[in-house]
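Accompanying notes for the structure given below.
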Amino acid sequence: MSTNPRSLGKYELHERLGRGGMAEVWKAFDPRLKRYVAIKYLHANLRDDPSFATRFIREAQAVASLRHPNIIRIYDFETSISESDDSMAYMVMDYVEGGTLADYIHSTSSVHKFPSANEIVHLFTSIAGAIDYAHQHGMIHRDIKPANILLDKHNTSQHPMGEPILSDFGIVKMLGTSSGTITNSSIGTPLYISPEQAKGQPGNEYSDIYSLGVTLYEVCTGAPPFRGDSPFAIIHQQISAPPPLPTLINPALPPALEAVVLRCLAKEPEERFPSASAMAKALNASVSEKPEQLINPLDTMSQPTYYRAPQGD
Numbered sequence: 007m008s009t010n011p012r013s014l015g016k017y018e019l020h021e022r023l024g025r026g027g028m029a030e031v032w033k034a035f036d037p038r039l040k041r042y043v044a045i046k047y048l049h050a051n052l053r054d055d056p057s058f059a060t061r062f063i064r065e066a067q068a069v070a071s072l073r074h075p076n077i078i079r080i081y082d083f084e085t086s087i088s089e090s091d092d093s094m095a096y097m098v099m100d101y102v103e104g105g106t107l108a109d110y111i112h113s114t115s116s117v118h119k120f121p122s123a124n125e126i127v128h129l130f131t132s133i134a135g136a137i138d139y140a141h142q143h144g145m146i147h148r149d150i151k152p153a154n155i156l157l158d159k160h161n162t163s164q165h166p167m168g169e170p171i172l173s174d175f176g177i178v179k180m181l182g183t184s185s186g187t188i189t190n191s192s193i194g195t196p197l198y199i200s201p202e203q204a205k206g207q208p209g210n211e212y213s214d215i216y217s218l219g220v221t222l223y224e225v226c227t228g229a230p231p232f233r234g235d236s237p238f239a240i241i242h243q244q245i246s247a248p249p250p251l252p253t254l255i256n257p258a259l260p261p262a263l264e265a266v267v268l269r270c271l272a273k274e275p276e277e278r279f280p281s282a283s284a285m286a287k288a289l290n291a292s293v294s295e296k297p298e299q300l301i302n303p304l305d306t307m308s309q310p311t312y313y314r315a316p317q318g319d
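Count along the sequence shown starting at 1, add 6, and that's the number in my numbering.
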């Protein structure tokens with residue numbers, strides 16, 4: 007692919023929207039269906055991995071089968087393996103106009119303009135619903151982070167910041183890497199990686215819930231719970247350090263919502279929520295007028311987390 011391509015297959019490339027170490031995303035036009043699409047072009051060295059095309063097609067088909075309003079829709083995908091430098095793989099998906107959750111955090115929470123607890127809960131209830139749907143259909147995301155959550159600015163009926171759309175399902179697996187792989191091209195990932203992935207284990211449903219919890223923590227406080235001078239310093243904290251209490255940074259955060267965040271960030275996978283739907287229920291309960299009282303939420307793993315308000319004298 008040239009540095010300034012005009013087309014890719016039948017698609018007319020109009021504008022490069024982003025570029026990373028593993029892929030770049032383009033706004034493109036489908037002349038047959040007369041609509042704009044987004045194309046993610048993967049920078050994988052396919053010639054070194056003869057099984058890549060088979061794996062890519064299998065994973066792309068699985069992701070394309072997902073039908074949820076908060077998951078990006080994939081329309082098409084293509085691979086081409088050659089002996090030259092022209093080996094390529096790309097997928098065609100919905101073009102969502104608007105920024106990402108990372109952009110939203112940068113302009114709000116990171117400068118201590120925190121969204122309300124209700125806005126946070128409504129936003130993450132939608133995202134958790136999308137993740138639960140994917141898990142129910144056998145798909146693990148493996149790389150949940152604010153940059154992979156798009157905010158549709160043309161759909162603000164439910165969320166003032168834009169309807170959240172989860173993107174990049176299956177990308178990590180398609181590339182044949184673990185989200186725990188630390189390279190210069192994935193230096194941001196350690197901020198959201200689960201402890202078990204940091205130890206080299208494959209991601210699972212619990213890992214997605216942890217990464218979603220880190221993202222939730224960042225929206226609530228303006229920064230992820232663990233930061234450091236190097237990816238390895240962050241990885242070490244993910245494995246062994248307790249997260250700072252969110253209410254120390256954002257005192258307006260309801261304690262019940264803080265309890266949900268901290269349960270998501272449990273070091274042991276089994277101590278997190280048993281499912282994304284259970285997390286969503288706990289989120290909604292955290293801002294209810296009369297949340298039920300549960301002394302130790304880890305004692306009842308199938309139930310949502312509730313905060314027991316302190317009793318007066």
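By construction, the Cβ of each residue, glycine as well, lies at the ideal position given by its N, Cα and C atoms.
Only exposed fits residue 258, as fewer than 16 other CB atoms lie within 10 angstroms of its CB. Looking at 292, 242, 200, the one whose alpha-carbon comes closest to that of residue 212 is 200. Beyond the five residues adjoining it in sequence on each side, residue 15 comes within less than 7 Å, by CB distance, of 84 in the same chain, given in chain order. In the structure shown, the three-state DSSP call for residue 128 is helix.
It is roughly 29 Å from the alpha-carbon of residue 125 to the alpha-carbon of residue 240.
Between residue 116 and residue 229 the beta-carbon gap is near 7 Å, inside 8 Å, which marks them as a contact. Within the same chain, 128, 132 come within 8 Å of residue 164 by CB-CB distance, once the 5 residues on both sides are set aside. The closest CA to that of residue 206, considering only 234, 151, 244, is found on 244. Residue 34 sits in a strand when the DSSP states are folded into three classes.
Where residue 86 is concerned, the enclosing beta strand (DSSP E) starts and stops at 80–86.
In terms of Cα proximity to residue 57, the closest of 111, 179, 265, 261 is 179.
Contact between residue 101 and residue 33 holds: CB atoms are separated by about 6 Å, below the 8 Å threshold. If you draw a straight line from the Cα of residue 86 to the Cα of residue 290, it comes to about 46 Å. A direct Cα-to-Cα measurement between residue 137 and residue 40 gives close to 31 Å. Across the set 274, 94, 119, the C-alpha of 94 shows the shortest separation from the C-alpha of residue 55.
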